[in-house]
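Asker: Chains as they are written, first to last, in our numbering: chain A, 1 to 301; chain B, 1001 to 1423; chain C, 2001 to 2358; chain D, 3001 to 3258. Note that the Cβ used here is the ideal one computed from N, Cα and C, for glycine as well. One structure, as structure tokens, below. Some questions next.
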Amino acid sequence: MELFLLQLFNGLSISSILLLVALGLAITFGLMKVINMAHGELIMIGAYSTYLTQNLFHDYLPKSMFDWYFVLAVPVSFAIAFVFGLILEMSLIRFLYGRPLDSLLATWGVGLVLQQLARSIFGAPNVAVTSPAWLNGGLKIMDGTLLPYKRIFIIALVIACLVAMYFYIYRSHEGRRMRAVMQNRDMAACLGVSTRRVDAMTFAIGSGIAGIAGCALTLLGPIGPSLGTYYIVDAFMVVVLGGVGKLVGTVLGAMGIGMFNTLFEYWTNASLGKVLVFVCIVAFLQWRPMGLVAMRSRSLD
Amino acid sequence: MKKRMFYQCGLLLVALTIVLAGCGGNNKPASTNSETDKPTNAANTGGSAEGEIKVGILHSQSGTMAISEVSVIDAEMMAIDEINAAGGVLGKKIVPVLEDGASDWPTFAEKARKLISEDKVATVFGGWTSASRKAMKPVFEELNGLLWYPVQYEGLESSPNIFYTGATTNQQIVPSVSWLLENRGKKFYLLGSDYVFPRTANLVIKEQLKAEGGELVGEEYTPLGHTDYSTLISKIKAAKPDVVYNTLNGDSNVAFFKQLKDAGITAKDLTTLSVSVAEEEIRGIGVDVLEGHLAAWNYYQTTDTPANKTFVENYKKKYGDERVTADPIEAGYTAVYLWAAAVEKAGSTEVDKVKEAAKELEWDAPEGKVKIDGATQHIYKTVRIGEVQANGQFKELWNSGEAVKPDPYLKGYEWAASIQPTE
Amino acid sequence: MQKFTPQRIWILIGYAATAAALFSAPLFVSDFRLNLLAKFLAFAIVALGLDLIWGYTGILSLGHGIFFGLGAYAMAMYLKLEASGGKPPDFMGWSGLKELPLFWQPFQSFWFAVAMGIAIPALLALILGYVTFRNRIRGVYFTILTQALVIITTTLLIGQQAFTGGTNGLTGYSTVLGFSIGSPETKRVLYYITVVALIGIFVFCRYIIGSRFGKVLRAIRDGENRVRFIGYNPAIYQMVVFTISAAIAGIAGMLFVLHVGIISPSMLGIVPSIEMVLWVAIGGRGTLVGAALGAILMNWAKSEFSTAYPQGWLFFMGLLFVVVVVFMPKGVAGLVSQIKFRKKRREPKHEGVRNPAV
Amino acid sequence: MKESAILLCDDVTVEFDGFKAVQGMNLKLEKGELRFLIGPNGAGKTTMLDVICGKVRPSMGRVTFHGKVDITKKKEHQIAELGIGRKFQAPSIFPSMTVIENLEIAMRQKRSVFATLFAKMAEEERSRIDGQLAMIGLQQKAEWRAGGLSHGEKQWLEIGMMLLQEPEILLLDEPVAGMTDKETDKTGELLHQIARKRSVVVVEHDMEFVRNFASKVTVMHEGRLLKEGSMDEVQRDDRVAEVYLGKRRDADVSRSTA
């Protein structure tokens, strides 16, 4: 029983991490149809931003304040990744709208450069981020079943991001423009929406969320130049499985992959579990090529 | 359409000429690619000129393995500088030729071939992963080169063209398992990354557990780069082991130890012993997470020998105060000195003569006295079990007292009979 | 169509000169460099196959490393067994396997290995192509699926160490068909075989492109659905060309192992697979010469510069990739023809071909 | 009766995510007939063509070809092979190929992989293509890349491709949309020639254009059949006038979209 609960929680936790990693992609890939292979590197940028924030707190603020660095690290990671996203969009991505496969290749090159940049600045070895004391330990629900606060925090963070995104996209003025541009670019342009600006903003927000993901990942995993490469393919799988262009789909996709991953890994082992999950995804896409939540359209291609 | 083809053809021809010309140009023994000012490459201009001995340094400077291997390069370069400052070998200066293995095994093979047949180096110091060594081995054997390999590995190998200055299984894993059985408990959980070293090491451990009264309660491998250990930790919890014997590699260690701590398991609740976590890795994982966990090596920065004192001092002076030394770094450093001593003794850099001279050669390494075992070309090493302290250094809990004779095929252990190669 | 116009003669001369240069290369370069060149030529073969599906059919596969790798593994299994004399190879010993597994047995035969080196990648591609193309999974989705396939294959190869050699891969060969694999003579012969294979596959690809089949492929690239409505089943065409491409990659893989002497799962990974695409992109997709050239030049540059600037090299490669894909989608070959034709093309606004072949 | 009908749509219903684009539509096409399909925007005209050519699968109803083959069970390329050709609203030719290559692959021929791999251009095929080039007036531009043609030329090329395909039924979706008057006239001529040999269904907004042909007109509205008859009959019908012609007799206004 306790094991079952724990595994359920683990599944939920993995789902939340996958979702956080894939959320930014759901925007850049799902809405803008840009295949951003540098998404993983934006996550890495978020992680390093957290590392830097930690160092600043460590060096310049009294020790008692140190634990609160993480509160600041979340917006800082968002901001830095946001800026990187903005630069990337303005210098490169805007030449690639409507050429998804080319965007995939070009951003892969960008990812390579960013990784190497990180290696030059921070060195090849991993850096350590000390998690704040208030996230240590866990919630004891019964004997031998401890739910780590960090994982609960990440789940909460994902929910917060989702809610924020929902309000931004469906309730704000900016979000309305964004949807307008993504649905019918020409029409929106005719109505006086600056598509250039909206594109840049949308991409930057997607990147910023990747930054938040990076910040959260520092709690659980390694922080190094190749951090992004561990998550990028999984993130794409989540978006594709969920159905491109639908946030609900992305949530379902992440839940599906996370839960099955935990289940398979528990039944078999980590390697085989991973293989099984991927086989399931491939098989599922044969059955429903457009993913869990599909949009239908009348256009020829 | 056709006209375009025509230009393409021309282009092909031009490009091919360039490639061939490039190849041809580099063909001459006195190579001409000295277009960089880097000291490492300037070496090529000298060729085998009087007063210089070229040696190759072949580690990954890019890619995933760069994390670990770059520090070994530093140590080897430092040893070369020190020897040169003291007058060189046979009165000649050692000139290193650096090549990048790029964390890619075929590249290691290619570069090894280049170092031996193009640069004509006297010896090569290089490799980290077993895979890179396995890739280079046929090249060294074919061209009769000499490779010094500085990392602990899974044993079951002994090539006439390789000197192994890292530990083999009976100098790290076997004694540490015995120690754990005696001091920490009988129930073992084996956790490793999914590649050759952990699988082979665990094969050995399983035989040893059977022979020495241990009990195996679980064995798991995770893909390289795996970052979520929550399920695995559940499995470990369910199996209730006394000891987790950890052969995880690189980034996985970070995720595993962080998440182990989150699950409320500290070093007090569960003993873990790692064979791939050294001082350098501690910095990337975080001391707060690792404190109290164990590791088995032959050398720690804190190892108390006079040679080590100067070694650590020089290393920090040269590369910065925040740098730490670790077992493979020391092994790389030792390798250079052992080769230099062998060359001095042989009076030549010829591979066969150096090999002959290296037999039973002794040297005061930072880890203590080491001796080359002529039969296996491994070195005698002292085994040390250490515990991670709050300052990121190890405290030695136990050592083997004297340097242990290398036994890569575990011929000295009856229980290992089934592991040994069949021929 | 087959008249000998001056242009056509020049093209033939160009081909002949290239072939001559390739065949006489052993006279000019050292054994080591020849070995490198041979490896590059093997890569050029993959690039040809990749160009066939990407440049001409518009299918981007980021999983060609798998097909390359499977071909390589088939050959490596033969070489490994020849080295061990039919006994279980070394890695099986230290993985705890005492008997040679059944599926390894037939690889003692060279020709069986060669046949498998082509058939296994082709079959896998056929199966993958059958399920995906029939279900109209295409474009980006197909590309991402191939990545999933890469992860599945590499994880399996690494996980089954006792049967596949794990991360180490297969290395340590001695002879091929009784000839020492390390000797300069064998290497030279292998080089010639590679040159012949490259030329043969080049001619084969040219034929495909020129045939009506090739025209349908290009039509699929331009508009897959449109092709459907004029009565072709694009799925079959995509499947066939994907299979051909995989078989070509398999051949290249076999040659690669013979030259390099090692194959490991890392060669099947995502990074090498993307790098293969990069060669084609830089050389010029949609032109066979460009693709082959891209593979040779990129690898040559990599082996020359990566040593001198191990850090800078990656920057350079990443930037090159970005610039080529974004600003020179036709690659080097496209750039050259663009420069040459700029003046003449300015006049008519439409991009018509003004010099018909006949 | 039934034997003479080459195409019979019976109670066809199409749903898109709950929205019924076509509801219980019946359509009968005689051999050699030229039929116009008109109706206001969103009437389901294009969707009807989509159903006939297999692009959209109806949720209900049957479409039979020659009274025996049920088209709704077939795939697009099979339907095309049966002899139903479709020209889309936006010109969909293969832009990176030359005009002649476009025609070559569209030509009626064996379409298996093997056949195309070893196909040689026969004399007879050559002359067929040349004839078609003359008919669509693109002889001078045979070696041009199709992408470089003007809009009207692309439309003609596509019609030419359709004709080489030699279908028994030709489905044309607004063939004159976006054309200049001169081009429209030329297209009209082409259409007259075509209609002599085969059955044609044309979706059209341009009433002037439709009026040039003395043939049957089907009016659709909100996915249903509203009226069928000659142009004169249709124009006299009150309901039609109400939903469609009544408000805007000037057909040019509604030309742009479908």
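Can you find a CB in chain B that lies within less than 9 Å of the CB of A/R298?
Answerer: Note that A/R298 has pLDDT 45, beneath the 50 cutoff, so the model's placement of it is unreliable and the number below is only indicative. Output row for A/R298: interface = no.
Asker: Measuring CA to CA, which of D/K3197, D/Q3165 and D/V3201 is closest to D/G3083?
Answerer: D/Q3165
Asker: For D/E3076, return the contacting residues in chain C, with the cut-off set at a CB-CB distance below 7 Å.
Answerer: R2228 and F2229
Asker: Measure the alpha-carbon distance for C/L2288 versus C/L2198 and round it to whole angstroms.
Answerer: 11 Å
Asker: In the structure shown, what three-state DSSP assignment does B/V1177 receive?
Answerer: helix
Asker: With H, G and I counted as helix, E and B as strand and the rest as coil, what does DSSP make of A/L72?
Answerer: Reduced to three states, the DSSP call for A/L72 is helix.
Asker: Any C-beta of chain B within less than 7 Å: which residues of the stretch 170-196 of chain A qualify?
Answerer: none
Asker: Which residues of chain B have a Cβ atom closer than 7 Å to the Cβ of A/V238, listed in chain order?
Answerer: Neighbours of A/V238 on chain B: none; closest Cβ ~14 Å, over 7 Å.
Asker: What distance in whole Å lies between the Cβ atoms of B/V1383 and B/N1249, which are believed to be in contact at a cut-off of 8 Å?
Answerer: Not quite, the Cβ-Cβ distance comes to about 21 Å (not below 8 Å), so this is no contact.
Asker: Would the beta-carbon of B/V1370 fall within 9 Å of that of B/A1340?
Answerer: Result no, Cβ atoms of B/V1370 and B/A1340 do not sit closer than 9 Å.
Asker: Given a limit of 8 Å on CB to CB distance, which residues of the stretch 2162-2189 of chain C reach chain A?
Answerer: Against chain A - using a Cβ distance shorter than 8 Å - the stretch 2162-2189 of chain C contributes no residues.
Asker: To which residues of the same chain is B/G1024 closer than 8 Å at the C-beta, ignoring the five residues directly before and after it?
Answerer: Confidence at B/G1024 is low in this model, with a pLDDT of 44, below 50, so the placement of that residue is unreliable and no value is reported for it.
Asker: Which value, in whole angstroms, describes the spacing of the CA atoms of D/D3010 and D/M3060?
Answerer: 9 Å
Asker: Could you tell me which chain B residues have their CB closer than 8 Å to the CB of C/V2260, listed as they occur along the chain?
Answerer: P1106, A1109 and E1110
Asker: Can you look up B/A1295 in the DSSP assignment and give me helix, strand or coil?
Answerer: When DSSP states are grouped into helix, strand and coil, B/A1295 belongs to the strand group.
Asker: What whole-angstrom Cβ distance do A/V163 and A/M178 have, given they're in contact under 8 Å?
Answerer: About 17 Å separates the two Cβ atoms, so there is no contact after all.
Asker: Is the beta carbon of B/A1326 closer than 9 Å to that of B/A1342?
Answerer: no
Asker: With D/H3269 as the anchor, note down where its beta strand (DSSP E) starts and where it stops.
Answerer: Examination of residue 3269 of chain D is not possible in this model, given that chain D is present from 3001 through 3258 alone.
Asker: List the whole-angstrom C-beta distance separating B/L1156 from B/T1123, where the pair is believed to meet the contact cut-off of C-beta under 8 Å.
Answerer: Contact flag wrong, Cβ pair sits at about 24 Å.
Asker: Between which two residues does the beta strand (DSSP E) carrying B/W1398 extend?
Answerer: Judged by DSSP secondary structure, B/W1398 falls within the beta strand (DSSP E) whose first and last residues are F1394 to N1399.
Asker: Is any beta-carbon of chain A found at less than 9 Å from that of B/P1175?
Answerer: no
Asker: So is B/G1401 buried or exposed if we call it buried at 16+ other beta carbons inside 10 Å?
Answerer: exposed
Asker: Mapping the DSSP letters down to three states, classify C/I2263 as helix, strand or coil.
Answerer: strand
Asker: Just how far apart, CA to CA, sit B/I1073 and C/A2249?
Answerer: Approximately 36 Å, taken between the alpha carbons.
Asker: Under 8 Å Cβ-Cβ, which residues of chain A neighbour C/Q2147?
Answerer: Residues of chain A with a Cβ closer than 8 Å to the Cβ of C/Q2147 are, in chain order, V233 and F236.
Asker: Using the Cα positions of B/E1350 and C/I2013, report the straight-line distance between them to the nearest angstrom.
Answerer: 50 Å
Asker: Look at the alpha carbon of C/M2276 and the alpha carbon of B/S1060, and state the distance between them as a whole number of angstroms.
Answerer: 21 Å
Asker: Which residues in the same chain have their Cβ closer than 8 Å to the Cβ of A/M187, if we skip the five residues on either side of it in sequence?
Answerer: A180
Asker: Using a Cβ-Cβ cut-off of 9 Å, state whether D/K3154 counts as contacting chain C.
Answerer: no
Asker: Would C/L2261 and A/Q116 be called neighbours here (beta carbons separated by less than 9 Å)?
Answerer: It is worth fixing the name first, because residue 2261 of chain C is Gly in this sequence and not Leu. Going by C-beta atoms, C/G2261 is not nearer than 9 Å to A/Q116.
Asker: I need the DSSP call for A/Y168, collapsed to helix, strand or coil.
Answerer: helix
Asker: Spell out a yes or no on whether the stretch 2102-2122 of chain C and the stretch 2226-2236 of chain C are touching, meaning 3 or more CB-CB pairs, one atom from each, closer than 8 Å.
Answerer: No, because fewer than three Cβ pairs between the stretch 2102-2122 of chain C and the stretch 2226-2236 of chain C fall closer than 8 Å, the two stretches do not touch.
Asker: Please name the residue or residues paired with B/R1384 in a DSSP beta bridge.
Answerer: B/W1297 and B/N1399
Asker: Quick check on A/P62: buried or exposed, where buried means 16 or more other Cβ atoms within 10 Å of its Cβ?
Answerer: exposed
Asker: What do you reckon, are the CB atoms on A/Q286 and C/V2131 nearer than 9 Å?
Answerer: yes
Asker: When the Cβ atoms of the stretch 3162-3179 of chain D are set against those of the stretch 3071-3087 of chain D, are three or more pairs found closer than 8 Å?
Answerer: yes
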